[in-house]
Amino acid sequence: MRLRSRYWGIAARGLAMGAADVVPGVSGGTIAFISGIYQELLDSISSIGPKTLQTLLQQGPAASWRQMNGNFLLALFTGIVISIFSLAKIISFLLENHPIVVWSFFFGLILASVVSVIRRVPHWLWYCYLFFTVGVAVSLVIGEMRPITIAATPQALFFSGSLAICAMLLPGISGSFILLMIGIYPQVIAAVHQFNIASLSWFAAGAAIGLLLFSRLLSWLLHRYFSATLAFLGGVLLGSLKIVWPWKLHSDHQLPPLMFNVSPLDFTAQTGETAQLGVAVLASILALLLVFMLEWFARNH
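Each residue of the sequence shown is one higher than the one before, starting from 38 at the first, in this note's numbering.
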């Protein structure tokens, strides 16, 4: 019974990861990290390979399934897929109609995640500060990218899937944001809404390959260079706060990550709209409390 309830909890984390991945600027990897399953996720995915096939042939499906932590992955990815297909329209609606509240919530969530990551670095040596700085720089550079436009060919969808899944695994870098920058985000979202099997298959194939390769790299880094890798991830998270800043101005109707940041006062002065500062602060505080609650739950369960 306890084991079954654990997998319900894993599926719930998957739902949260899927909802985050739909938003261009928020990473599902952030949710995995603060909910305490990041290392297990990387280790489980990276265990899939030739050894899994060897175990399947020699010991049967059950042993192979246990080797790759199949129940964990099935529960998590079921939650992610359900969330993406069920919440894509809801998230798009909220971003269009209540952008300040949504971005304020994710701003608080990522800010709390920065604190969470920094606290877990066991020893802050000189190279940790270096990797932290590099992480901030990487995230800021990505945030300054401007979108291009590419055709949604099978090759482009395959490459996009690989790139997006790599970004998704990094806390702080959003796979959706990367898709937006390379100009294929609208086509992918349309394929999800229309359930375009051909387009989704090419995208999923690229994501599967990228997931297997990049998870191995991240798992290897965390096992061998734990402090430096965590410092880098903390820097990436801190730099990504620029992407999710709630008050933005734009000259067209593009999504918020493509806008430029302003203060709440400038936002009101230039748009004539209320900055919703009280609601924004409340949403951020709610996100902070949620992260700390998730951390407490992860430690005690």
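The beta carbon of each residue, even a glycine, is placed where N, CA and C say it ideally should be.
Residues near residue i in its chain [Cβ-Cβ closer than 7 Å; skip 5 each side]
| i | result |
| --- | --- |
| Ser300 | Trp284 |
| Tyr44 | Asn108, Ala112 |
| Leu331 | Ile71, Ser72 |
| Ile246 | Ser199 |
First through last residue of the alpha helix (DSSP H) which encompasses residue i
| i | result |
| --- | --- |
| Pro301 | 301-308 |
| Ser141 | 136-157 |
| Met218 | 212-218 |
Residue i and residue j closer than 8 Å at C-beta
| i | j | result |
| --- | --- | --- |
| Gly65 | Gly73 | no |
| Leu216 | Ala228 | no |
| Ser321 | Gly145 | yes |
| Leu325 | Leu131 | no |
| Phe329 | Phe169 | no |
| Ala188 | Ser236 | no |
| Leu249 | Ile85 | yes |
| Leu110 | Ser81 | yes |
| Leu207 | Leu79 | no |
| Gln104 | Thr89 | yes |
Beta-carbon separation (whole angstroms), residue i vs residue j, contact threshold 8 Å
| i | j | result |
| --- | --- | --- |
| Phe251 | Val154 | No, Phe251 and Val154 are not in contact; Cβ-Cβ is about 19 Å, not under 8 Å. |
| Gly212 | Lys279 | Incorrect: roughly 18 Å between the Cβ atoms, too far for contact. |
| Trp257 | Trp140 | Their Cβ separation, rounded to whole angstroms, is 34 Å, which puts Trp257 and Trp140 out of contact at 8 Å. |
| Ala317 | Val138 | 7 Å |
| Val178 | Val273 | Actually they are not in contact, since the Cβ atoms of Val178 and Val273 sit about 11 Å apart, beyond 8 Å. |
Closer than 7 Å: residue i CB and nearest the ligand MN heavy atom
| i | result |
| --- | --- |
| Phe168 | For the structure depicted, the ligand MN is absent and the ligand set is empty, with no information on it obtainable. |
Contacts around residue i, its chain only, beta-carbon distance under 8 Å, and the 5 residues preceding and following it disregarded
| i | result |
| --- | --- |
| Arg157 | Leu267 |
| Ala242 | Phe195, Gly198 |
| Arg50 | Ile68, Ala69, Ser72, Ile74, Leu113, Gly116 |
Cutoff 6 Å; reference residue i; Cβ partners in own chain excluding five residues on either side
| i | result |
| --- | --- |
| Leu323 | none |
| Asn106 | Ser81 |
| His290 | Bear in mind that the predicted position of His290 carries a pLDDT of just 49, short of 50, making it too unreliable to give a figure here. |
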